[in-house]
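Residue numbers (our numbering), protein chains in the order written: chain A, 23 to 89; chain B, 92 to 346.
Shown next, in structure tokens, is the structure this report addresses.
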Amino acid sequence: MNIRLNGKDYALIEGTATLHDLLQQLAIDGKIVIIEQNRQIIDRSRYPDTAVQPGDVIEIVHFVGGG
Amino acid sequence: MLEIGGKTFASRLLLGTGKYPDATTQQLAVEASGTNILTFSVRRLDVFAKGQTDPLAALDLSRYDLLPNTAGAKTAEEAVRLARLARASGMCDMVKVEVIGCDKTLLPDPVETLRASEELIKDGFIVLPYTSDDLLLARRLEELGCHAIMPAASPIGSGQGILNPLALSFIIEQLTVPVIVDAGIGSPTDVAYAMELGADAVLLNSAVAHAGDPVKMAQAMKLAVEAGRLGFEAGRIEKKRYATASSPMTGISRP
Chain A
23 MNIRLNGKDY ALIEGTATLH DLLQQLAIDG KIVIIEQNRQ IIDRSRYPDT
73 AVQPGDVIEI VHFVGGG
Chain B
92 MLEIGGKTFA SRLLLGTGKY PDATTQQLAV EASGTNILTF SVRRLDVFAK
142 GQTDPLAALD LSRYDLLPNT AGAKTAEEAV RLARLARASG MCDMVKVEVI
192 GCDKTLLPDP VETLRASEEL IKDGFIVLPY TSDDLLLARR LEELGCHAIM
242 PAASPIGSGQ GILNPLALSF IIEQLTVPVI VDAGIGSPTD VAYAMELGAD
292 AVLLNSAVAH AGDPVKMAQA MKLAVEAGRL GFEAGRIEKK RYATASSPMT
342 GISRP
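Next up, the structure:
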């Protein structure tokens, strides 16, 4: 199953069903990130029950230094 | 005390978190600045690079109010999206509206800045737009309900200091909300000057991050903010064309 992740095609491994699973697959589940799925910002509390669908366009952003 | 959108801050220095030589220097500089408000940007996480270090990890973010910016936005829609993404972190409800209209000068697009600010105010944000030093634009932003106005001293990162003190002082005199001089600051002189003009606060980044010794410069900026503010509150003397003696002109002893 392929999604579009931060501008690139990305293949989900078997068992990655939710946004929470996706963060675990990417090994970034400890960081403060914000996820947008198909242009909708997803509340952090809903990551475990938000399904990832084939063809989803997902943006994962975070804070970086800036002025 | 500086008051923005119902929050009060002891420090009148807002500090950016970009472009420090390393995380330790940044952490020490932030500490030395005495700031209460740190600015950030929102960017894609590089999800494909493993084991990357987080440049902000050394900072205890719980000790500061976070002011994410919308840098990177060229339209109101892009700015609103970045602001909402930042707020979804659950760490902030303030936003620095920054909509750049020209890549070479990094000057803000006034029309898009107004549109973005209006939308974000409706959406409940505490809105601090980065703007030019145009008085009428600043007044329009205040009328919209912006919680502070942040006119530039000179182009972002240029270190040219305050190019038009008259324009800044018009804004400072006429606005009711806090005026935070943002962008273009180069040295403690510029900071003290802004504060002496009556600015409520100063926001800077490069002037500290790119200084020879960022930690020492952060402390210098802290002192400059305090000196300038005290000078403003004290009320400076009038400028006169000719000298006025400080010592008594009578009773001079001559043998």
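Just so it is clear, CB atoms sit at the ideal spot from N, CA and C, and this is done for glycine as well.
Min CB distance residue i to chain A below 8 Å
i: residue 130 of chain B; result: yes
i: residue 313 of chain B; result: no
i: residue 222 of chain B; result: no
i: residue 147 of chain B; result: yes
i: residue 162 of chain B; result: yes
i: residue 133 of chain B; result: yes
i: residue 111 of chain B; result: yes
i: residue 279 of chain B; result: no
i: residue 196 of chain B; result: no
For residue i, the nearest candidate out of the options (CA to CA)
i: residue 49 of chain B; options: B:325, B:196 and B:178; result: No answer is possible for residue 49 of chain B: it lies beyond the span of chain B, which begins at 92 and ends at 346.
i: residue 69 of chain A; options: A:79, A:55, A:76 and A:61; result: A:55
i: residue 202 of chain B; options: B:232, B:292 and B:256; result: B:232
i: residue 35 of chain A; options: A:59, A:45 and A:85; result: A:45
i: residue 154 of chain B; options: B:122, B:176, B:256 and B:277; result: B:122
i: residue 117 of chain B; options: B:303, B:321 and B:345; result: B:303
i: residue 258 of chain B; options: B:288, B:248, B:269 and B:237; result: B:288
i: residue 307 of chain B; options: B:119, B:157, B:215 and B:126; result: B:119
i: residue 273 of chain B; options: B:99, B:216, B:93 and B:104; result: B:104
i: residue 280 of chain B; options: B:223, B:250 and B:107; result: B:250
i: residue 170 of chain B; options: B:319, B:191, B:226 and B:100; result: B:191
i: residue 50 of chain A; options: B:138, B:268 and B:225; result: B:138
8 Å Cβ cutoff, residue i in contact with chain B
i: residue 50 of chain A; result: yes
i: residue 68 of chain A; result: no
i: residue 24 of chain A; result: no
i: residue 65 of chain A; result: yes
Which whole runs of the alpha helix (DSSP H) in the region 294-319 of chain B are 4 residues long or more, in chain order? Listed in chain order, they are 297-300.
Can you give me, in chain order, the residues of the region 178-189 of chain B that have a beta carbon less than 8 Å from any beta carbon in chain A?
Cβ proximity to chain A below 8 Å picks out 179, 180, 181 and 182 from the region 178-189 of chain B.
4 or more residues per run - each alpha helix (DSSP H) lying fully within the region 126-199 of chain B: The region 126-199 of chain B contains these whole alpha helix (DSSP H) runs: 167-178.
Looking at chain C, which residues of the region 78-89 of chain A have a Cβ within less than 7 Å of any of its Cβ atoms?
The structure shown has no chain C; the protein chains it does contain are A and B.
Could you please tell me which residues of the region 287-300 of chain B, in chain order, have their CB closer than 9 Å to any CB of chain A?
-> Against chain A - using a Cβ distance shorter than 9 Å - the residues of the region 287-300 of chain B are 294, 295, 296, 297 and 300.
Mind listing which residues of the region 27-57 of chain A have their C-beta closer than 9 Å to chain B's C-betas, in chain order?
Against chain B - using a Cβ distance shorter than 9 Å - the residues of the region 27-57 of chain A are 27, 28, 29, 30, 32, 48, 49, 50, 53, 54, 55, 56 and 57.
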